[in-house]
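First residue of the sequence shown? That's 1 in the UniProt record's numbering, and the numbers climb one at a time after it.
Glycine included, C-beta positions come from ideal geometry on N, C-alpha and C.
The model shown is predicted, which means the values in this text are computed figures rather than measured ones.
Encoded as structure tokens, the structure appears first; notes follow it.
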Amino acid sequence: MIHNKSKYFQIIGLVLLSMIVTTSCEREVSDAAVLATFPTTADVFTDNPVGLTDEFFISFDPVEGANVNGFDTDESEAYEGFASIRIDVPSPNDPDGGFIGGIFRDRGEGRNLTGYDALTFWAKASTTGVLGEAGFGTDFDGDKFRTVAADLQLSTNWKKYVIPMPDPSKLTQERGMFVFSAGTQSTDGLGFVIWLDEIKFEKLGTIAQPRPAIQNGEDVVIQNFIGGTVNISGLSQTFNTAAQGDVTVNAALAYFEFQSSNETVATVSALGQVNVVGGGTATITASLGVNEAQGSLTIESLGNFTPAPTPTRNPNNVISIFSDAYQNVAVDYYNGFFTGDGQTTLGGEGPGGADLSVDGDGIINYTNLNFVGIGTFMDVPTIDATSMTHIHVDLNINEALNAGDNITLQILNDVGGNETSGSVTITAANLAANDWRGFDIPLANFTGLSNRSQLGLLFFISNSISNVYVDNIYYYIEQ
Numbered sequence: 001m002i003h004n005k006s007k008y009f010q011i012i013g014l015v016l017l018s019m020i021v022t023t024s025c026e027r028e029v030s031d032a033a034v035l036a037t038f039p040t041t042a043d044v045f046t047d048n049p050v051g052l053t054d055e056f057f058i059s060f061d062p063v064e065g066a067n068v069n070g071f072d073t074d075e076s077e078a079y080e081g082f083a084s085i086r087i088d089v090p091s092p093n094d095p096d097g098g099f100i101g102g103i104f105r106d107r108g109e110g111r112n113l114t115g116y117d118a119l120t121f122w123a124k125a126s127t128t129g130v131l132g133e134a135g136f137g138t139d140f141d142g143d144k145f146r147t148v149a150a151d152l153q154l155s156t157n158w159k160k161y162v163i164p165m166p167d168p169s170k171l172t173q174e175r176g177m178f179v180f181s182a183g184t185q186s187t188d189g190l191g192f193v194i195w196l197d198e199i200k201f202e203k204l205g206t207i208a209q210p211r212p213a214i215q216n217g218e219d220v221v222i223q224n225f226i227g228g229t230v231n232i233s234g235l236s237q238t239f240n241t242a243a244q245g246d247v248t249v250n251a252a253l254a255y256f257e258f259q260s261s262n263e264t265v266a267t268v269s270a271l272g273q274v275n276v277v278g279g280g281t282a283t284i285t286a287s288l289g290v291n292e293a294q295g296s297l298t299i300e301s302l303g304n305f306t307p308a309p310t311p312t313r314n315p316n317n318v319i320s321i322f323s324d325a326y327q328n329v330a331v332d333y334y335n336g337f338f339t340g341d342g343q344t345t346l347g348g349e350g351p352g353g354a355d356l357s358v359d360g361d362g363i364i365n366y367t368n369l370n371f372v373g374i375g376t377f378m379d380v381p382t383i384d385a386t387s388m389t390h391i392h393v394d395l396n397i398n399e400a401l402n403a404g405d406n407i408t409l410q411i412l413n414d415v416g417g418n419e420t421s422g423s424v425t426i427t428a429a430n431l432a433a434n435d436w437r438g439f440d441i442p443l444a445n446f447t448g449l450s451n452r453s454q455l456g457l458l459f460f461i462s463n464s465i466s467n468v469y470v471d472n473i474y475y476y477i478e479q
């Protein structure tokens, strides 16, 4: 159904204000005295795009699987007026890309949004499904104030959605007017259509009870070392809204202010990077506006850290899975979390698999170890190690060792197909507590691994060792 409306056209000019203050001495104008001079245009799309770039829709990168062909306007559907935005969500195996998403960007230098408290829009779908994310603040130029709500439930009827602003006072010059992303996870891989209309910024006056959070609202305690860096994560802001009840948005770091309880142990930057500078304990907290954020990050610095020796083999003879010394191949995951099979192992979850980063050197820290897999067979090419002769790995056991302790490495080829595998066990006599040991294991020792052309899983297995640092995992040719 198309609702009738009157079209409003608003022409907003830039008002340039200058102030000349003559006093007996010169002084600088404070930041508080600088007046915003950017337009306050509220509308983003109402039958037509309002003040957006000529491209209107700027897609996410097709190299990452984004489909650039499913976006258009539709004059047969609208909540109000005569047109809406039509988004054809592709199936995962669509040759043009398995999801659709992108941004709308202001065509000028940005808008002053400080007078609003929410982005709103109307949406419906051809079937019940989920809009993966929607929001504003993504401009493909830093995304400083990116704000999105995730997993918005859609129906076949028009419904209004409210995306609250975490702190409107920060949005004095925003170019990212709208961002969305959608896939078919909620429809079992079946493509469907989403319509959007009446995208605009509003001052609703019903956005209340702000509850910011960092670290997903949890008090997280981690161990690290001098020279280590940790990034604050899990940032959000929750408001109560009259129309939708509580709405939580993922909020960018720039909305928050961070504090360290002990800067002789750890400092924190304006963008939430924690740098460990001394031994001891420090707790990182945050606030958003006048509200203290729920959650914290406590750093227990264990002092100086000795890294694993830097590999020196010729990169041309190496296929690297995890090492800062080489270019790593694409990896699906550094922890497959096979919890259905009884896995308890944590770790391998940080950037590029690194749970710790000390002086720029990433280290995996597996804890609660029973078994854990590194995968290269799902969404990335398998590893052809036919010409390789050895696998290298550096291990540092982060606990006391007993005589019967051991770790087994298992390699699988052609996972789920004509699968073959082999394993090698490293005993306590060759390991060390709180020190690195490097292992160069001939692939021929992995009995049963008759084919190495499609290596897809590398397992670390132990029923006796719980906590281990891992670095420099790579295959190589011994020459």
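- LEU458 has its alpha-carbon roughly 20 Å from the corresponding atom of PRO311.
- Between the C-alpha atoms of GLY350 and ALA325 there is a straight-line separation of about 18 Å.
- Here DSSP, grouped into helix, strand and coil, assigns THR389 to coil.
- The beta carbon of ASP379 is closer than 7 Å to those of ASP332 in its chain, skipping five residues each way along the sequence.
- When only Cα atoms are considered, ALA400 and ASP355 end up about 21 Å apart.
- In this structure ILE207 is not in contact with ASP151, their Cβ atoms being roughly 20 Å apart against a cut-off of 8 Å.
- Beta-bridge analysis with DSSP links PHE371 to ILE461.
- No Cβ-Cβ contact shorter than 8 Å links ILE222 with ILE284.
- GLY65 and ASP394 have their alpha carbons spaced roughly 35 Å apart.
- Counting C-beta atoms within 10 angstroms of its own C-beta, GLY98 has 16 or more neighbours from the protein chains shown and is therefore classed as buried.
- Close CB contacts of SER155 within its chain, under the 8 Å cut and outside five residues either way in sequence, are with LYS124, ALA125 and THR128 (chain order).
- By the Cβ criterion, the region 191 to 207 is in contact with the region 105 to 119, since at least three pairs of Cβ atoms, one from each stretch, lie closer than 8 Å.
- In the structure shown, the three-state DSSP call for GLN343 is coil.
- Looking at ASP94, THR248, ASP143 and PHE180, the one whose alpha-carbon comes closest to that of ALA134 is PHE180.
- By the criterion of at least three beta-carbon pairs nearer than 8 Å, the region 130 to 150 is not in contact with the region 76 to 86.
- For TYR476, the enclosing beta strand (DSSP E) has its first and last residue at 468 to 476.
- Residue state for TYR334 is assigned as coil, using DSSP reduced to three classes.
- Under the DSSP assignment, GLY245 falls in the beta strand (DSSP E) whose first and last residues are 245 to 251.
- Out of ASN451, GLY137, ASN430 and SER357, the CA that lies nearest to the CA of VAL230 is found in SER357.
- Approximately 19 Å separates the beta-carbon atoms of LEU455 and ILE407; this is outside 8 Å, ruling out the contact.
- As computed with DSSP, VAL265 is found in no beta bridge at all.
- Residue environment: ASP54 is assigned as exposed (fewer than 16 neighbouring CB atoms within 10 Å of its CB, all protein chains considered).
- Looking at the DSSP output, GLN479 sits in no beta bridge, so it has no partner there.
- Membership of GLN209 in the beta strand (DSSP E) is indicated by the continuous run 208 to 213.
- ASN368 is classed as exposed because its beta carbon has fewer than 16 other beta carbons within 10 Å across all chains shown.
- The beta carbon of GLN327 lies closer than 8 Å to those of PRO315 and SER320 in the same chain, with the five residues before and after it left out.
- Between TYR475 and ARG313 a beta carbon distance of about 11 Å is seen, past the 8 Å cut, so the two are scored as non-contacting.
- As a beta-bridge residue in DSSP terms, ALA182 pairs with ILE100.
- Between ASN396 and TRP436, the CB-CB gap stays under 8 Å.
- For the pair VAL89 and THR73, the Cα-to-Cα distance works out to about 14 Å.
- Sequence-distant partners of ASP96 (beyond 5 residues in either direction) whose C-beta falls short of 6 Å from its own C-beta, in its chain, are ASN67 and ASN69.
- Inside the region 54 to 88, DSSP marks whole beta strand (DSSP E) runs of 3 or more residues at positions 71 to 74, from first to last along the chain.
- With respect to the 8 Å criterion, ILE100 and LEU196 are not classified as neighbours on the basis of their beta carbons.
- Between the C-alpha atoms of ASP106 and GLY336 there is a straight-line separation of about 41 Å.
- Membership of GLY132 in the beta strand (DSSP E) is indicated by the continuous run 129 to 136.
- Inter-residue distance for ASN262 and ILE232 is about 16 Å (C-alpha atoms, whole angstroms).
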